[in-house]
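The structure appears below as structure tokens.
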Amino acid sequence: MKNVLPEKIDIFLVVNSQAIEEHFNKNDPSPFYKRQLSHEFEEYINRIKAPARRHTSIEYKVTCKTESDKQYTEPLMYAIRRHFANVMLARQGEFERFKRRNYIVLFVGLAIILLSHILIPKLIKDQGGIESAILTGIDIFSWVMMWQPIDNLLFHWNSHLKEINTIKKLTEAPVIYTDELQQ
Numbered sequence: 008m009k010n011v012l013p014e015k016i017d018i019f020l021v022v023n024s025q026a027i028e029e030h031f032n033k034n035d036p037s038p039f040y041k042r043q044l045s046h047e048f049e050e051y052i053n054r055i056k057a058p059a060r061r062h063t064s065i066e067y068k069v070t071c072k073t074e075s076d077k078q079y080t081e082p083l084m085y086a087i088r089r090h091f092a093n094v095m096l097a098r099q100g101e102f103e104r105f106k107r108r109n110y111i112v113l114f115v116g117l118a119i120i121l122l123s124h125i126l127i128p129k130l131i132k133d134q135g136g137i138e139s140a141i142l143t144g145i146d147i148f149s150w151v152m153m154w155q156p157i158d159n160l161l162f163h164w165n166s167h168l169k170e171i172n173t174i175k176k177l178t179e180a181p182v183i184y185t186d187e188l189q190q
């Protein structure tokens, strides 16, 4: 049976004076809005966002029992958005390094191929079969050398863009307040 992926993902958060400490790193003495997220809380969000597709919408559903609990929501959401904005910058940097590395390998490989196709026939005089065997070997070597960057540039960039898109959605997701706990 086909695995159906959700069109909308809800991230449920409980915010009150006791639960707010669980969302942050306990060793961080900064104010709430500048604190680092706890590892468990970050893993919770990452597990929930894992099945997200390109067009999946993400919402934060915040449960506050009292009106005074809403004062903790803004610093928590600021910390979550700041954290994932930093993660998004890191992922964008990884994607740029991925592209740059593969383009460099591709162009270095092309330069080696061009040089070998120009220089080897000049070094090896017209001796019949040996020259064609060496050039055929160079052709095979060049395709083996070029396969990985071509494969990466054609087929492996989409996972990077999907991750960046999902993290961007986490930084821009709307907050919806609820009064009852979700099961």
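First residue of the sequence shown? That's 8 in our numbering, and the numbers climb one at a time after it.
Every residue, glycine too, gets a C-beta built ideally from N, C-alpha and C.
Among the options, whose alpha-carbon lies nearest the alpha-carbon of residue i?
{"i": "phenylalanine 48", "options": "His62, His30, Phe39 and Ala59", "result": "His30"}
{"i": "glutamate 14", "options": "His163, Arg54, Ile120 and Ile65", "result": "Ile65"}
{"i": "alanine 57", "options": "Ile18, Thr185, Trp164 and Ser24", "result": "Ile18"}
{"i": "glutamate 28", "options": "Gly100, Asp186, Leu12 and Ser45", "result": "Ser45"}
{"i": "isoleucine 171", "options": "Cys71, Lys72, Gly100 and Pro36", "result": "Gly100"}
{"i": "phenylalanine 105", "options": "Leu20, Phe162, Ala140 and His90", "result": "Phe162"}
Take residue i and list the residues in its own chain whose beta-carbon comes closer than 6 angstroms to its own, dropping the five residues that flank it on each side.
{"i": "phenylalanine 39", "result": "Pro82"}
{"i": "isoleucine 183", "result": "Glu66 and Lys68"}
{"i": "glutamine 43", "result": "Asn32 and Asp35"}
{"i": "threonine 80", "result": "Val22 and Val69"}
How long is the line joining the alpha carbons of residue i and residue j, rounded to whole angstroms?
{"i": "glutamate 3", "j": "alanine 92", "result": "This structure does not reach residue 3, given that the chain is present from 8 up to 190, and the question cannot be answered."}
{"i": "glutamate 103", "j": "lysine 68", "result": "33 angstroms"}
{"i": "alanine 86", "j": "aspartate 76", "result": "16 angstroms"}
{"i": "asparagine 10", "j": "lysine 41", "result": "39 angstroms"}
{"i": "isoleucine 157", "j": "isoleucine 16", "result": "35 angstroms"}
{"i": "asparagine 165", "j": "glutamine 155", "result": "16 angstroms"}
{"i": "arginine 107", "j": "isoleucine 52", "result": "30 angstroms"}
{"i": "leucine 142", "j": "isoleucine 111", "result": "24 angstroms"}
{"i": "alanine 26", "j": "arginine 88", "result": "19 angstroms"}
{"i": "aspartate 186", "j": "threonine 63", "result": "25 angstroms"}
{"i": "threonine 153", "j": "serine 139", "result": "Per the sequence presented here, residue 153 reads as methionine, with threonine not at that position. Roughly 21 angstroms between the two C-alpha positions."}
{"i": "alanine 180", "j": "serine 37", "result": "24 angstroms"}
{"i": "leucine 20", "j": "methionine 84", "result": "10 angstroms"}
Could you check whether residue j and residue i sit closer than 8 angstroms to each other, using their CB atoms as the reference points?
{"i": "isoleucine 127", "j": "isoleucine 145", "result": "yes"}
{"i": "leucine 177", "j": "leucine 113", "result": "no"}
{"i": "asparagine 206", "j": "lysine 72", "result": "Residue 206 lies beyond the stretch modelled for the chain, which goes from 8 to 190, so this question has no answer here."}
{"i": "isoleucine 125", "j": "isoleucine 131", "result": "no"}
{"i": "leucine 12", "j": "arginine 54", "result": "no"}
Would you say residue i touches the ligand SAH, meaning its beta carbon is less than 7 angstroms from a heavy atom?
{"i": "leucine 117", "result": "Annotation note on the ligand SAH: not contained in the displayed structure, which lists no ligands."}
Only counting the same chain, and skipping five residues up and downstream in sequence, which positions put a Cβ closer than 8 angstroms to that of residue i?
{"i": "serine 149", "result": "Gly116, Ile119, Ile120 and Ser123"}
{"i": "arginine 98", "result": "His167, Glu170, Ile171 and Ile174"}
{"i": "methionine 8", "result": "Per-residue confidence for methionine 8 stands at a pLDDT of 48, beneath the threshold of 50, marking its modelled position as unreliable; the derived number appears in the next sentence. The answer is none, since no qualifying residue turns up."}
{"i": "histidine 90", "result": "Gln43, Leu44 and Glu49"}
Kindly list the residues whose CB is nearer than 7 angstroms to the CB of residue i, restricted to its own chain and excluding five residues on each side of it in sequence; keep chain order.
{"i": "glutamine 190", "result": "Note that glutamine 190 scores 49 on pLDDT, short of 50, meaning its location in the model is unreliable; the coordinates nonetheless yield the value given after this. Taken in chain order, the list of residues that qualify is empty."}
{"i": "methionine 95", "result": "Ile171, Ile174, Lys175 and Thr178"}
Please report the residue range of the beta strand (DSSP E) in which residue i lies.
{"i": "leucine 20", "result": "15-21"}
{"i": "tyrosine 110", "result": "Element bounds for tyrosine 110: not the beta strand (DSSP E) but the alpha helix (DSSP H), 80-130."}
{"i": "serine 64", "result": "64-70"}
Span of the alpha helix (DSSP H) holding residue i?
{"i": "valine 151", "result": "136-162"}
{"i": "threonine 173", "result": "165-179"}
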